[in-house]
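Reading through the structure tokens given below for one structure.
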Amino acid sequence: MRPDSDCRLCGLCEGRTQIVLPDGNPDTGIIFVGEAPGENEDLEGRPFVGRSGKILAKMMEEAGYGRSEVLITNTVKCRPPSNRDPKPEEMAACRQFLESELYDAKLVIGLGRSACRDLMGYEGKMDEVVNKITTIRVKDRDVRFLPTYHPAATIYNKVSREELRKTIAMVAEELR
Ligand code: SF4
Numbered sequence: 005m006r007p008d009s010d011c012r013l014c015g016l017c018e019g020r021t022q023i024v025l026p027d028g029n030p031d032t033g034i035i036f037v038g039e040a041p042g043e044n045e046d047l048e049g050r051p052f053v054g055r056s057g058k059i060l061a062k063m064m065e066e067a068g069y070g071r072s073e074v075l076i077t078n079t080v081k082c083r084p085p086s087n088r089d090p091k092p093e094e095m096a097a098c099r100q101f102l103e104s105e106l107y108d109a110k111l112v113i114g115l116g117r118s119a120c121r122d123l124m125g126y127e128g129k130m131d132e133v134v135n136k137i138t139t140i141r142v143k144d145r146d147v148r149f150l151p152t153y154h155p156a157a158t159i160y161n162k163v164s165r166e167e168l169r170k171t172i173a174m175v176a177e178e179l180r
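For the sequence shown, position 167 matches number 171 in the numbering used here, and the numbering has no gaps at all.
What follows is the structure in structure tokens.
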């Protein structure tokens with residue numbers, strides 16, 4: 005299930021240029037979930053095309069696969085004003101679309117605190133859960149879930165960069 009092109013189920017419709025739908029291959033069942041589209045994504049209509057997307061794509065390339073082999077999406081499909089965090093009611097309004105994307109997943113990768121909080125209900129520090137596979141409930145199914153850092157959090161932080169690299173390598177194993 006996808007949102008209508010003029011979806012107005014939450015207030016994020018007011019500031020968006022366009023809805024940013026998932027990008028990549030849904031057939032492998034590997035789905036990366038970020039928080040929300042940013043400025044570049046809002047303009048291009050594709051998730052993770054800015055600096056964070058470039059970091060992610062480079063790490064995938066180093067691990068031997070491309071972003072076109074996995075599916076990349078966000079918890080909300082419209083850009084929050086000034087890149088603020090999405091509000092709980094906006095995430096709740098967009099949840100039905102996210103759940104339909106994740107329902108048949110083999111592995112969901114949560115990129116960053118906001119996505120992990122939304123999908124796992126986890127409020128703690130990322131370093132306590134990073135790269136530890138758990139399960140999340142998607143409607144009536146348990147789906148494997150891999151929490152990790154958002155690429156933006158790895159720009160100036162070597163530790164989180166290495167953890168994200170580890171995540172990307174774990175995904176390479178899943179794709180084999
Ligand atoms: S964020 Fe989701 S629910 Fe809100 S307007 Fe955009 S598509 Fe609709």
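From the three backbone atoms N, C-alpha and C, an ideal C-beta is built for every residue, glycine too.
Beta-carbon spacing of residue i, residue j below 7 Å
{"i": "residue 69", "j": "residue 176", "result": "yes"}
{"i": "residue 135", "j": "residue 170", "result": "yes"}
{"i": "residue 259", "j": "residue 111", "result": "Residue 259 is absent from the model: the chain starts at 5 and stops at 180."}
{"i": "residue 24", "j": "residue 41", "result": "yes"}
{"i": "residue 77", "j": "residue 26", "result": "yes"}
{"i": "residue 71", "j": "residue 64", "result": "yes"}
{"i": "residue 75", "j": "residue 155", "result": "no"}
{"i": "residue 62", "j": "residue 7", "result": "no"}
{"i": "residue 119", "j": "residue 14", "result": "no"}
{"i": "residue 83", "j": "residue 12", "result": "no"}
DSSP state of residue i mapped onto helix, strand, coil
{"i": "residue 175", "result": "helix"}
{"i": "residue 92", "result": "helix"}
{"i": "residue 111", "result": "strand"}
{"i": "residue 27", "result": "strand"}
{"i": "residue 7", "result": "coil"}
{"i": "residue 139", "result": "strand"}
{"i": "residue 32", "result": "helix"}
{"i": "residue 134", "result": "coil"}
{"i": "residue 21", "result": "coil"}
{"i": "residue 123", "result": "helix"}
{"i": "residue 12", "result": "coil"}
{"i": "residue 148", "result": "strand"}
Closer than 6 Å: residue i CB and nearest ligand 2 heavy atom
{"i": "residue 80", "result": "What this structure holds is ligand 1, not ligand 2."}
Rounded distance between the beta-carbons of residue j and residue i, thought under 8 Å
{"i": "residue 115", "j": "residue 38", "result": "5 Å"}
{"i": "residue 103", "j": "residue 143", "result": "6 Å"}
{"i": "residue 105", "j": "residue 35", "result": "6 Å"}
### Task
Check whether the segment 41-48 touches the segment 103-120, counting contact only when three or more Cβ pairs, one atom from each stretch, lie closer than 8 Å.
The segment 41-48 is not in contact with the segment 103-120.
#### Entry: Complete runs of the beta strand (DSSP E) confined to the segment 39-100 [at least 3 residues]
75-78
### Query
Is there contact here, the segment 121-135 with the segment 149-166, by at least three beta-carbon pairs under 8 Å?
yes
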